[in-house]
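Student:
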């Protein structure tokens with residue numbers, strides 16, 4: 025067997041949002057090979073994941089995160105992926121409890137304590153109120169829409185209709201939200217690039233928490249968001265119309281390590 029074609033990978037998940045993590049500090053992974061990435065993320069013919077993440081060297085931070093959607097294309101920020109790569113970097117001995125790493129939307133501060141990873145998200149200055157829904161960019165674009173009977177929804181169908189119908193080919197992630205208590209919300213998310221429902225979406229959970237505060241659905245600055253894969257917590261400050269010190273908090277766990285010939 026040609027060992028040069030062996031790919032050592034690590035499978036991580038954050039509230040059911042799963043990723044292939046690769047140590048690419050030597051930058052040998054062919055990140056322009058869209059079909060290979062798509063194959064690796066395929067749940068029948070590959071490893072299976074919502075996305076693939078490369079950990080690379082970065083001069084001005086601890087490491088760099090390069091994120092690809094399951095369709096093989098390099099994409100915008102992924103919150104749960106960001107939490108998973110922090111856990112991965114910790115397992116490699118690159119970081120201790122605190123880190124600053126670089127992603128497509130800039131530098132992120134993060135902290136790890138056991139399985140719990142807290143990730144600081146970018147400040148948010150604009151949340152657009154479209155009356156029937158809200159739109160904001162938390163590192164990735166998000167449509168946030170309050171619904172009833174969330175569990176009965178066909179998220180794949182309704183999400184695709186909005187993703188293409190409103191936002192065109194470039195698309196947006198679509199979040200359907202139902203309030204449970206003053207500071208607890210349930211959400212189901214249709215993710216572009218995956219082109220279907222995922223069990224959790226970190227930038228989506230962040231968008232939901234901020235949109236619900238902006239809309240007056242909650243006055244709390246600590247919000248619990250229940251996804252199909254588990255519960256995440258979002259905390260934030262709000263002053264002069266700007267959301268800052270935004271933290272996405274939850275578990276990130278190694279599922280398994282493997283080796284694949286490609």
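Residue numbers (the numbering used here): 25 to 286.
Beta carbons: idealized from backbone N, C-alpha and C, even for Gly.
Predicted model, so just to flag it, every value in this text is computed and none were measured.
So, helix, strand or coil for residue 207, using DSSP?
Tutor: Your numbering for residue 207 matches position 183 in the chain shown. Residue 207 falls in the coil class under three-state DSSP.
Student: Excluding five sequence neighbours on each side, which residues of the same chain lie with their C-beta closer than 7 Å to the C-beta of residue 119?
Tutor: The residue you call residue 119 lines up with position 95 of the chain shown. Contacts found: 86, 113.
Student: Relative to the C-alpha of residue 43, which residue among 242, 240, 225 is closest?
Tutor: Counting from 1 along the chain shown, the entry for residue 43 is found at position 19. Here the closest residue by C-alpha is 225.
Student: Could you have a look at residue 329 and say whether DSSP puts it in helix, strand or coil?
Tutor: Because the chain in this structure spans residues 25 to 286, residue 329 falls outside the shown range and cannot be described.
Student: How would you call residue 250, buried or exposed, if buried means at least 16 neighbouring beta carbons within 10 angstroms?
Tutor: Residue 250 sits at position 226 when you count from the first residue of the chain shown. Its Cβ being crowded by 16 or more others within 10 Å, residue 250 is buried.
Student: Put residue 127 into one of helix, strand or coil per three-state DSSP.
Tutor: Working through the chain shown from its first residue, we reach residue 127 at position 103. Residue 127 falls in the strand class under three-state DSSP.
Student: With three or more beta-carbon pairs closer than 8 Å as the criterion, would you say the stretch 118-133 touches the stretch 198-213?
Tutor: No: fewer than three Cβ pairs fall under 8 Å.
Student: Quick check on the burial criterion: 16 or more other C-beta atoms within 10 angstroms. Buried or exposed for residue 153?
Tutor: Against the chain shown, residue 153 aligns to sequence position 129. Burial call: exposed.
Student: What is the DSSP secondary structure of residue 182, counted as helix, strand or coil?
Tutor: By 1-based counting over the chain shown, the position of residue 182 is 158. Helix at residue 182.
Student: What is the rounded straight-line gap between the Cα of residue 92 and the Cα of residue 140?
Tutor: The count along the chain shown starts at 1 and reaches residue 92 at position 68. The count along the chain shown starts at 1 and reaches residue 140 at position 116. Near 23 Å, if we compare the C-alpha coordinates of residue 140 and residue 92.
Student: Exposed or buried, which one is residue 266 when buried takes at least 16 other CB atoms within 10 Å?
Tutor: On the chain shown, residue 266 is found 242 positions in, with the first residue counted as 1. Exposed, by the Cβ-count rule.
Student: I'd like the list of long-range same chain contacts for residue 234, defined as Cβ closer than 8 Å, with 5 residues on each side in sequence excluded.
Tutor: In the chain shown, residue 234 corresponds to position 210, counting from 1. 148, 151, 160, 162, 258, 260, 267, 270, listed in sequence order.
Student: How is residue 158 classed by DSSP in three states: helix, strand or coil?
Tutor: Indexing the chain shown from 1 puts residue 158 at position 134. Residue 158 falls in the strand class under three-state DSSP.
Student: Mark residue 81 as exposed unless 16 or more other C-beta atoms lie within 10 angstroms of its C-beta, in which case mark it buried.
Tutor: Walking along the chain shown from the start, residue 81 turns up at place 57. Looking at its Cβ environment, which holds fewer than 16 other Cβ atoms inside 10 Å, residue 81 is exposed.
Student: Taking just the CA atoms, how far does residue 41 sit from residue 218?
Tutor: Working through the chain shown from its first residue, we reach residue 218 at position 194. Working through the chain shown from its first residue, we reach residue 41 at position 17. Near 11 Å, if we compare the C-alpha coordinates of residue 41 and residue 218.
Student: Which residues mark the beginning and the end of the beta strand (DSSP E) in which residue 41 is found?
Tutor: By 1-based counting over the chain shown, the position of residue 41 is 17. First-last of the beta strand (DSSP E) with residue 41: 41-47.
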